[in-house]
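Visitor: Residue numbers (my numbering): 11 to 283.
Quick reminder that beta carbons are idealized off the backbone N, C-alpha and C, glycines included.
Got a structure for you, questions after.
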Ligand SMILES: [Zn+2]
Ligand SMILES: [Zn+2]
């Protein structure tokens, strides 16, 4: 009697979740479970963002990236935490960011929606971290909310084009997208693109050049349709990618090939290697 072998699923391509937070407060079972579920869904690369009100999430992201070759880490000071920035914190952040498993400085930027820190403090910390990315010659992951003009102004003034990067969780309009692309920043789409009322984001997802777009979950936030209301996890990036493919009149497969190539170029990391 022959043994019944499990069906082997070989994916001709895979997706990269270019922005997820896997901290223990969101994933009490540890990041490996969420990563395993994602891999079973065809997600084979992860940029894990380590930010918070101290550097412990950054240290954890670096450790995770060090032991999983499909994970790259991004470390920075989120605009929400701009008031925690000190020269001593910067010094440790700089040494973490210099490590080879760190593929980007981020997320950094401006958030005038929550405005947890005064705008001028956010701008100063943002500029300082763009400078760090340039020193290290690593790309930048940008968070911007209700601060479009100032974000573009800081990026231009600080010469961020030299390293480029990603506008994460893209939620702006076409004019902003065009400026960001000109400044050397790719556009990363999150679950927002699957929301009914996200017309202008959908318009940009349909319009942007195929070699300049990425997909992400921003786990644990912003679960895409049809998972809305659940805590988001990297496996769900498939729903976001499918929606972007539909908007562009292409297949999920073709979108996966393109966005994974873009992620590997942008983060200078071979997730498949
Ligand atoms: Zn963000
Ligand atoms: Zn984030």
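I need the boundaries of the beta strand (DSSP E) containing residue 249, first residue and last residue.
Guide: Indexing the chain shown from 1 puts residue 249 at position 239. No beta strand (DSSP E) holds residue 249; the alpha helix (DSSP H) holding it covers 247-257.
Visitor: At the level of alpha carbons, what is the spacing between residue 86 and residue 102?
Guide: Taking the first residue of the chain shown as 1, we reach residue 86 at position 76. Taking the first residue of the chain shown as 1, we reach residue 102 at position 92. Their Cα atoms are separated by approximately 11 Å.
Visitor: Could you round the C-beta distance between residue 225 and residue 254 to whole angstroms and report it? I think they count as a contact, below 8 Å.
Guide: As a first step, residue 225 must be located in the chain shown, where it is residue number 215. As a first step, residue 254 must be located in the chain shown, where it is residue number 244. About 6 Å; that satisfies the 8 Å criterion.
Visitor: Between residue 163 and ligand 1, is there a pair consisting of the residue's CB and a ligand heavy atom that are separated by less than 7 Å?
Guide: Here residue 163 refers to the residue found at position 153 of the chain shown. Residue 163: no, Cβ never under 7 Å from ligand 1.
Visitor: In chain order, what residues have a CB nearer than 6 Å to some heavy atom of ligand 1?
Guide: Taking each Cβ in turn, the ones that pass are 117, 153, 178, 179.
Visitor: Only counting runs of 4 or more residues, tell me where the alpha helix (DSSP H) segments fall wholly within the stretch 165-205, in order along the chain.
Guide: Runs of the alpha helix (DSSP H) inside the stretch 165-205: 184-192.
Visitor: Would you list, in sequence order, the uninterrupted beta strand (DSSP E) runs of no fewer than 3 residues that lie entirely inside the stretch 64-136?
Guide: DSSP runs (the beta strand (DSSP E)) wholly in the stretch 64-136: 81-85, 112-121.
Visitor: Taking the beta strand (DSSP E) that residue 28 falls in, what are its first and last residues?
Guide: On the chain shown, position 18 is the one that residue 28 refers to. It spans 25-30 - the beta strand (DSSP E) in which residue 28 sits, taken as one unbroken run.
Visitor: In three-state DSSP terms, what is residue 282?
Guide: In the chain shown, counting from the first residue as 1, residue 282 sits at position 272. Coil at residue 282, not helix or strand.
Visitor: Taking contact to mean at least 3 C-beta pairs separated by less than 8 Å, is the stretch 105-123 in contact with the stretch 78-97?
Guide: Because the criterion of three Cβ pairs below 8 Å is met, the stretch 105-123 and the stretch 78-97 touch.
Visitor: Is residue 59 near ligand 2, in the sense that its beta carbon is under 7 Å from a heavy atom of that ligand?
Guide: Your numbering for residue 59 matches position 49 in the chain shown. Residue 59: yes, Cβ under 7 Å from ligand 2.
Visitor: According to the neighbour-count rule (16 or more other Cβ atoms, all chains shown, within 10 Å of its Cβ), is residue 64 buried or exposed?
Guide: For the purposes of this step, residue 64 is taken as the residue at position 54 of the chain shown. Exposed, because fewer than 16 other Cβ atoms sit within 10 Å of the Cβ of residue 64.
Visitor: Quick test of your reading: residue 164 and residue 205, contact by CB under 8 Å. State the CB separation rounded to the nearest angstrom.
Guide: Position 154 of the chain shown holds residue 164. Position 195 of the chain shown holds residue 205. With a Cβ gap of about 28 Å, residue 164 and residue 205 do not count as contacting.
Visitor: Taking the beta carbon of residue 229 as the centre, do at least 16 other beta carbons fall within 10 Å, making it buried, or is it exposed?
Guide: Locating residue 229 in the chain shown gives position 219, where the first residue counts as 1. Buried, by the Cβ-count rule.
Visitor: Would you say the stretch 139-152 touches the stretch 41-48, given that touching needs at least three Cβ pairs under 8 Å?
Guide: These segments do not touch.
Visitor: Start and end of the beta strand (DSSP E) containing residue 155?
Guide: On the chain shown, residue 155 is found 145 positions in, with the first residue counted as 1. That run of the beta strand (DSSP E) goes 150-155.
Visitor: Name the DSSP bridge partner or partners of residue 37?
Guide: Reading the chain shown from its first residue, position 27 is the one you call residue 37. Answer is none; residue 37 lacks a bridge partner.
Visitor: What is the DSSP secondary structure of residue 229, counted as helix, strand or coil?
Guide: Reading the chain shown from its first residue, position 219 is the one you call residue 229. Reduced to three states, the DSSP call for residue 229 is strand.
Visitor: Under 8 Å by Cβ, that's how I've got residue 197 and residue 214 pegged, so tell me the actual separation to the nearest angstrom.
Guide: Locating residue 197 in the chain shown gives position 187, counting from the first residue. Locating residue 214 in the chain shown gives position 204, counting from the first residue. So it is a contact: roughly 7 Å between Cβ atoms.
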